[in-house]
Amino acid sequence: MKKIEKLYLLLTILVGLLVVSCGEKDEGKRLIMVTEATFPPYEFYRGADIVGIDADIVREVARRNGLQPVIEDMSFDSVITAVQSGKADVAASGITVTEDRRRQIDFTRSYARAQQVIIVPTGSGVTGADGLANVRLGVQHGTTGDLYVTQHIGEPERFSNGALAVAALAAGKLDAVVLDSAPAREHVSGNPSLRILDEALTSEEYAMAISKQRPDLLEMFNRTLAAMEADDTLARITETYMNPEGAEKKVKSDSGLRTRLADAWYTNFVKDDRWKYLLNGFLVTIEISLAAVALGVILGFLVAVVRSTHDQTGRFRLLNILCHAYLTVIRGTPVVVQLLIIYFVIFGSVDVSKVLVAIVAFGVNSGAYVAEIIRSGIMSVDRGQMEAGRSLGLSYGCTMRSVILPQAFKNVLPALGNEFIVLLKETSVCGYIALQDLTKGGDIIRSQTYDAFLPLMAVALIYLMLVVCLSWLLKKLELRLKKNER
Ligand code: ARG
């Protein structure tokens, strides 16, 4: 096969990957619920599924109305935005009804009561709310616990979920955590070194959030919730999760390091098939990275050719301005912000797969860097070669294609390789739009086992292995190209 054919083949495969990843839509009218799923008993992972009181209630509402429920996990401070922007139909996430929130969205009738409680290490000197001033306090970012502490006590340390705050408390990094009562009880029941103080800080009601633009949907929810309350379905669902038979009691082990490590290995990876979070996350990371590299190379290549052609011949004035704007905007803003803008604003009201959103975001981002890398490659080729090609009677395009670009590509291969490595690792922010990539997979395990060490080490090791393989492949490619030179 000729080199060019191979290149086309590779591109076709990559573009195919891109298309496949976008086509995963199913039939039937869907009811999309968003939540932050480290909030047992309201929402948490059991294997790959999100279960819990909120999840079951919404599944039942969907069932009674002939809809197909879809549950998505994202950061708590995004669930209301997701409903507002039309990304999701309903946010069910143990959301407390507050006046401020009511200004943004509509609440359904409430379905549960809760309190903000204080968790401390057993034997702590903190015995009530008045002991909270000047201690290290942890909360989940954007929750009513966060609000309460910020307004009445002082700046807390904000964690992306309650489980992480509790883990930090258990590790001695905090003196107290303020959290909703039910999840607090769940977290503490697995941890004999922690306890909940009797005195609660607030008393609240949970309801689900629906966009103000969807009065019909709100009506449907209220009607169904009322019916579910009347026929005791709500009480039954709550009951199932509030009295979990065999709630995991962690036994404090005084056993040796070997057995403790083996235990930790078992709870973090083997138990409940938790390794699957890593495997699935790994596959998502690979899929996004490969397709984004392909998109980035195509975009970057086009932009580089436009820019250098403009520099050398003055053609493509308008296109050059556009490319310049693209480079400025993309390189001037952080990739997480771009990802969120593409997800919530650009694709705000269309229902596209999140994998596609991530591929577009990372591909468009990477394209800007690839463009400059390739442009520098083009500039590194001696100007005389263009003149030589032209004086042999080749057109500008032909000289570019067959003389300049192949050399440019060879020169920038190390820099391109570097860009791919950066891109691969940058995809770790996918969790912001609730994609379960490798990093998020480790986070989910961490939120279930309260163990930071093993999940983080495993995630780091997998990235490291990926990068080592990638570097090896790139090195082989470089050697190949060098051989062809002679
Ligand atoms: N009830 C609190 C609030 O509305 C915390 C809810 C957190 N929910 C969750 N799924 N993480 O702010």
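Using this note's numbering, the final residue of the sequence shown is 681, and nothing's skipped along the way.
Where is the CB? At the ideal position from N, CA and C, for every residue including glycine.
When DSSP labels each residue in this structure, what does residue i get in the three-state scheme?
i: S398; result: strand
i: E350; result: coil
i: D295; result: helix
i: F511; result: coil
i: E219; result: Any reading at E219 is ruled out, since the residue's pLDDT is 45, under 50, leaving its predicted position unreliable.
i: P529; result: coil
i: F615; result: helix
i: L608; result: helix
i: E149; result: This structure does not reach residue 149, given that the chain is present from 196 up to 681, and the question cannot be answered.
i: Y461; result: helix
i: A287; result: coil
i: I245; result: strand
i: D301; result: strand
i: P387; result: coil
i: F496; result: helix
i: T480; result: helix
i: L534; result: helix
Suppose the cutoff is 6 Å on Cβ atoms and the five residues either side in sequence are ignored; what does the same chain contact list for residue i look like?
i: L369; result: R331, G333 and A363
i: L226; result: A257, L262, P264 and D284
i: A629; result: E267, D268 and M269
i: N606; result: G572 and S575
How about residue i and residue j: are their beta carbons less than 8 Å apart?
i: P235; j: V253; result: no
i: N463; j: D268; result: no
i: T339; j: T303; result: no
i: A371; j: I432; result: no
i: M415; j: N260; result: yes
i: A250; j: E238; result: yes
i: I639; j: Y436; result: no
i: S642; j: L374; result: no
i: N682; j: G636; result: Here the chain covers residues 196 to 681 and nothing more, so residue 682 does not appear.
i: G626; j: G558; result: no
i: L608; j: E673; result: yes
i: I537; j: V552; result: yes
i: E399; j: A309; result: yes
On the CB-based measure, 16 or more other CB atoms within 10 Å of its CB, does residue i come out buried or exposed?
i: K444; result: Interpretation of K444 is limited by its pLDDT of 43, a score under 50 that renders its predicted location unreliable; the figure taken from the coordinates is listed afterwards. Exposed, because fewer than 16 other Cβ atoms sit within 10 Å of the Cβ of K444.
i: M228; result: buried
i: D301; result: buried
i: E394; result: exposed
i: R570; result: buried
i: H382; result: buried
i: A421; result: exposed
i: P410; result: exposed
i: G509; result: exposed
i: A277; result: buried
i: P378; result: buried
Skipping 5 residues on each side, what residues in its chain have a beta carbon closer than 8 Å to that of residue i?
i: D468; result: G242
i: A511; result: One point to set straight first is that residue 511 is Phe, not Ala, in the sequence displayed. The answer, listed in chain order, is V501, T504 and H505.
i: W460; result: L649
i: G543; result: S280, G281 and K282
So, is the C-beta of residue i closer than 8 Å to a C-beta in chain B?
i: V550; result: You won't find chain B in this structure, because it holds only one protein chain.
Can you give me the Cβ contacts of residue i inside the same chain, cut-off strictly under 7 Å, excluding the 5 residues immediately before and after it?
i: V598; result: Q580 and G584
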